[in-house]
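Here's the structure we're looking at; comments come further down.
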Amino acid sequence: MYLVAGKAEGKTPLNAFDNALLAAGIGDVNLIKVSSIVPPGAEVRMERPNLPRGALVPCVYAERTSEVPGERIAVALAVGLADDGFGVVMESEGETEEEAAQKAIQMVEEAFRVRGLNLQQVLRIAVEHQVVACGGVVAACVYWR
Amino acid sequence: MYLVAGKAEGKTPLNAFDNALLAAGIGDVNLIKVSSIVPPGAEVRMERPNLPRGALVPCVYAERTSEVPGERIAVALAVGLADDGFGVVMESEGETEEEAAQKAIQMVEEAFRVRGLNLQQVLRIAVEHQVVACGGVVAACVYWR
Amino acid sequence: MYLVAGKAEGKTPLNAFDNALLAAGIGDVNLIKVSSIVPPGAEVRMERPNLPRGALVPCVYAERTSEVPGERIAVALAVGLADDGFGVVMESEGETEEEAAQKAIQMVEEAFRVRGLNLQQVLRIAVEHQVVACGGVVAACVYWR
Numbered sequence: 001m002y003l004v005a006g007k008a009e010g011k012t013p014l015n016a017f018d019n020a021l022l023a024a025g026i027g028d029v030n031l032i033k034v035s036s037i038v039p040p041g042a043e044v045r046m047e048r049p050n051l052p053r054g055a056l057v058p059c060v061y062a063e064r065t066s067e068v069p070g071e072r073i074a075v076a077l078a079v080g081l082a083d084d085g086f087g088v089v090m091e092s093e094g095e096t097e098e099e100a101a102q103k104a105i106q107m108v109e110e111a112f113r114v115r116g117l118n119l120q121q122v123l124r125i126a127v128e129h130q131v132v133a134c135g136g137v138v139a140a141c142v143y144w145r
Numbered sequence: 146m147y148l149v150a151g152k153a154e155g156k157t158p159l160n161a162f163d164n165a166l167l168a169a170g171i172g173d174v175n176l177i178k179v180s181s182i183v184p185p186g187a188e189v190r191m192e193r194p195n196l197p198r199g200a201l202v203p204c205v206y207a208e209r210t211s212e213v214p215g216e217r218i219a220v221a222l223a224v225g226l227a228d229d230g231f232g233v234v235m236e237s238e239g240e241t242e243e244e245a246a247q248k249a250i251q252m253v254e255e256a257f258r259v260r261g262l263n264l265q266q267v268l269r270i271a272v273e274h275q276v277v278a279c280g281g282v283v284a285a286c287v288y289w290r
Numbered sequence: 291m292y293l294v295a296g297k298a299e300g301k302t303p304l305n306a307f308d309n310a311l312l313a314a315g316i317g318d319v320n321l322i323k324v325s326s327i328v329p330p331g332a333e334v335r336m337e338r339p340n341l342p343r344g345a346l347v348p349c350v351y352a353e354r355t356s357e358v359p360g361e362r363i364a365v366a367l368a369v370g371l372a373d374d375g376f377g378v379v380m381e382s383e384g385e386t387e388e389e390a391a392q393k394a395i396q397m398v399e400e401a402f403r404v405r406g407l408n409l410q411q412v413l414r415i416a417v418e419h420q421v422v423a424c425g426g427v428v429a430a431c432v433y434w435r
């Protein structure tokens, strides 16, 4: 699994989202949105995956776009991992990277508490952007082998 | 196919949804949301599936969360089956299980009428919850063999 | 890949959407929503695919429903293709087919510009409907071999 993030401006909100995906290195594949579980034994990397163009790629992502100049937009993912590599991904948004990341980490902590699992490690990725005219941010956890 | 439902409180709406999925027995897999057709020959069971943790599971689901204490939230799915096992799933929401289920059943009836199919059987699943602080409900139809 | 569109009335918004999918020839399959990339070498056809009932079908779609009698609703997809068959799909909505299609085409043009790709061909599909009581429109790009 790969954790990536990107931010960009665009002519429309959909283009800003597309451009943020390109900035994150996942703009030329087909993302299939899935819910938020990491299979046991998965390896999590903080790098860009090398994906064939057009591939169908399962993915958890948080995205936000805005056409309000000056607005601060941020999204984050936190990935909690148990001892056997099973994990839970939580997504959140906010005005700053730090705010969004803290929310996501707290959600991961509750998800582990209710499952009775030991939270062996927490990874996070976050991105923030101050909108010029039309901006977008995306943080994603991509499942690829 | 498996029809399941769950309800729960959580610290945030996303945690309440996660906890409701756990209560429904589908909290530790990756749900891929699909539209609402049951393949001919599928078997529908009102029980919890035995799913490997982290599996990618196609699923129709209805979910609702609320942070309004005292609010009643309900969701339902109805599954209509034709003579050959082909089916249509409709999702709905409301304040009570019964209200949500009736809406879903009426939508299934129209879906069969427009297709000119005989509605051989209707199954339903529904769940309601009165919110304490932050609650969630989910009803799902899970595709698994 | 197949570009299709449909419009319909229904008793509820979900039924209107279901009926619009039937009108487009994709009402009896399970659509999995994906993001918007056409794999290199794909062939794009402006015809209805012949899909097995209940199949899991990756799909980009734009849909809109309305319960406001007299309202005009339209959606469109534009598909831009590069020299090697790689493509980008953009979806949009509006009041008329032409308005929605123009928006989608402009988004495709920006998507090619930021990628530094030559826009060899643009295909479009659009549909509009004036709501009687409860109407829906859908335009879809279906991935099927």
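Chains as they are written, first to last, in the numbering used here: chain X, 1 to 145; chain H, 146 to 290; chain Z, 291 to 435.
Note that CB positions come from ideal geometry on N, CA and C, so glycine has one too.
I'd like the list of long-range same chain contacts for D83(X), defined as Cβ closer than 7 Å, with 5 residues on each side in sequence excluded. Residue mapping note: residue 83(X) aligns to position 83 of the first sequence, counting from 1. These residues qualify, in order along the chain: N118 and Q120.
Between which residues of its own chain and R338(Z) is the CB-CB distance below 7 Å, once the five residues before and five after are set aside? For the purposes of this step, residue 338(Z) is identified with residue 48 of the third sequence, where counting begins at 1. Counting only Cβ-Cβ distances below 7 Å, and skipping sequence neighbours, we find Y292, V294 and G315.
With a threshold of 6 Å on Cβ separation, who are the neighbours of D28(X) within its own chain once the five nearest residues in sequence on each side are excluded? In the first sequence, the residue the question calls residue 28(X) occupies position 28. Excluding the 5 residues flanking it on each side, D28(X) has same chain C-beta neighbours closer than 6 Å at R53, in chain order.
Examine the Cβ distances between the segment 178–194 of chain H and the segment 71–88 of chain X and report whether three or more of them are shorter than 8 Å. Because the criterion of three Cβ pairs below 8 Å is not met, the segment 178–194 of chain H and the segment 71–88 of chain X do not touch.
Strictly below 7 Å CB to CB, what residues from chain H border A111(X)? As a first step, residue 111(X) is located in the first sequence; it is residue number 111 there, counting from the start. Per Cβ cutoff of 7 Å: N160 and D163.
Quick one: is S325(Z) near chain X, going by C-beta distance under 8 Å? Taking the first residue of the third sequence as 1, we reach residue 325(Z) at position 35. So, interface residue.
Mind checking if V319(Z) is an interface residue toward chain H, Cβ cutoff 8 Å exclusive? Indexing the third sequence from 1 puts residue 319(Z) at position 29. Closer than 8 Å to the CB of V319(Z) there is at least one CB belonging to chain H.
Would you say A139(X) and A62(X) are within 8 Å of each other, going by their C-beta atoms? Numbered from its first residue, the first sequence carries residue 139(X) at position 139. Numbered from its first residue, the first sequence carries residue 62(X) at position 62. A contact, by the Cβ cut-off of 8 Å.
Roughly how many whole angstroms lie between the Cα atoms of R290(H) and W434(Z)? For this step, residue 290(H) is matched to residue 145 along the second sequence. For this step, residue 434(Z) is matched to residue 144 along the third sequence. Straight across, the Cα-Cα distance linking R290(H) with W434(Z) is about 23 Å.
Can you give me the start and stop residues for the alpha helix (DSSP H) that V404(Z) sits inside? The sequence position of residue 404(Z) within the third sequence is 114, counting from 1. Its alpha helix (DSSP H) spans residues E387 to R405.
Hey, quick one: how far does the alpha helix (DSSP H) through N19(X) stretch, first residue to last? Within the first sequence, numbered from 1, the residue matching residue 19(X) stands at position 19. For N19(X), the enclosing alpha helix (DSSP H) covers residues P13 to A24.
Roughly how many angstroms lie between the CA atoms of A298(Z) and V183(H), to the nearest whole one? As a position in the third sequence, residue 298(Z) is number 8, starting the count at 1. As a position in the second sequence, residue 183(H) is number 38, starting the count at 1. Each residue's alpha carbon lies about 22 Å from the other.
For V421(Z), which of A390(Z), V432(Z), K393(Z) and T386(Z) has the nearest alpha-carbon? Along the third sequence, read from residue 1 onward, the residue named residue 421(Z) stands at position 131. Selected option, being the one with the closest Cα: T386(Z).
Among K103(X), E93(X) and L123(X), whose alpha-carbon lies nearest the alpha-carbon of G136(X)? In the first sequence, the residue the question calls residue 136(X) occupies position 136. Of the listed residues, the one whose Cα sits closest to G136(X) is E93(X).
Less than 7 Å separating the Cβ of G384(Z) from some heavy atom of the ligand FMN? What this structure holds is no ligand at all, so the ligand FMN is not there to describe.
Contact criterion: CB-CB distance below 8 Å. Does R11(X) meet it with respect to chain Z? For the purposes of this step, residue 11(X) is taken as residue 11 along the first sequence, with counting starting at 1. Just to set this straight, residue 11(X) is Lys in the shown sequence, not Arg. Taking a beta-carbon distance threshold of 8 Å, K11(X) counts as an interface residue toward chain Z.
Those residues which DSSP pairs with L429(Z) across a bridge: Numbered from its first residue, the third sequence carries residue 429(Z) at position 139. First, the residue type needs correcting, since residue 429(Z) is Ala and not Leu in the sequence shown. Beta-bridge annotation (DSSP): A429(Z) is paired with A295(Z) and A352(Z).
Looking at the secondary structure, which residues open and close the beta strand (DSSP E) in which M235(H) lies? Translated into positions along the second sequence, residue 235(H) becomes position 90. M235(H) -> beta strand (DSSP E) spans G232 to G239.
Nearest by alpha-carbon distance to G284(Z): which of P330(Z), D308(Z) and L312(Z) is it? Nothing about residue 284(Z) can be read from this structure; chain Z reaches only from 291 to 435.
Just list the residues that DSSP pairs A74(X) with in beta bridges. As a first step, residue 74(X) must be located in the first sequence, where it is residue number 74. Partner(s): G94(X) and E128(X).
From E357(Z), V378(Z) and G406(Z), residue whose alpha carbon lies closest to that of A423(Z): Numbered from its first residue, the third sequence carries residue 423(Z) at position 133. Across the set E357(Z), V378(Z) and G406(Z), the C-alpha of E357(Z) shows the shortest separation from the C-alpha of A423(Z).
Given that a residue counts as buried once 16 or more other Cβ atoms are within 10 Å of its Cβ, and exposed if not, what is M336(Z)? By 1-based counting over the third sequence, the position of residue 336(Z) is 46. Classification of M336(Z): exposed, given that the 10 Å Cβ count is below 16.
Do V114(X) and L167(H) have their C-beta atoms within less than 8 Å of each other? Within the first sequence, residue 114(X) is the residue found at index 114, counting from 1. Within the second sequence, residue 167(H) is the residue found at index 22, counting from 1. Against a cut-off of 8 Å, the Cβ pair of L167(H) and V114(X) comes out as a contact.
Report the CB separation of G300(Z) from D308(Z) in whole angstroms; it is logged as a contact under 8 Å. The residue given as residue 300(Z) occupies position 10 in the third sequence. The residue given as residue 308(Z) occupies position 18 in the third sequence. Indeed, because the Cβ distance is near 7 Å, the residues count as touching under 8 Å.
For I177(H), return the contacting residues in chain Z, with the cut-off set at a CB-CB distance below 7 Å. The sequence position of residue 177(H) within the second sequence is 32, counting from 1. Here the neighbours are I322.
What are the residues of the segment 181–194 of chain H that lie near chain Z, defined by any Cβ-Cβ distance shorter than 7 Å? Within the segment 181–194 of chain H, the qualifying residues are I182, V183, P184 and P185.
Which partner residues of L264(H) appear in the DSSP bridge assignment? By 1-based counting over the second sequence, the position of residue 264(H) is 119. Answer is none; L264(H) lacks a bridge partner.
Quick check on G360(Z): buried or exposed, where buried means 16 or more other Cβ atoms within 10 Å of its Cβ? Taking the first residue of the third sequence as position 1, residue 360(Z) is located at position 70. Exposed, since its Cβ has fewer than 16 Cβ neighbours within 10 Å.
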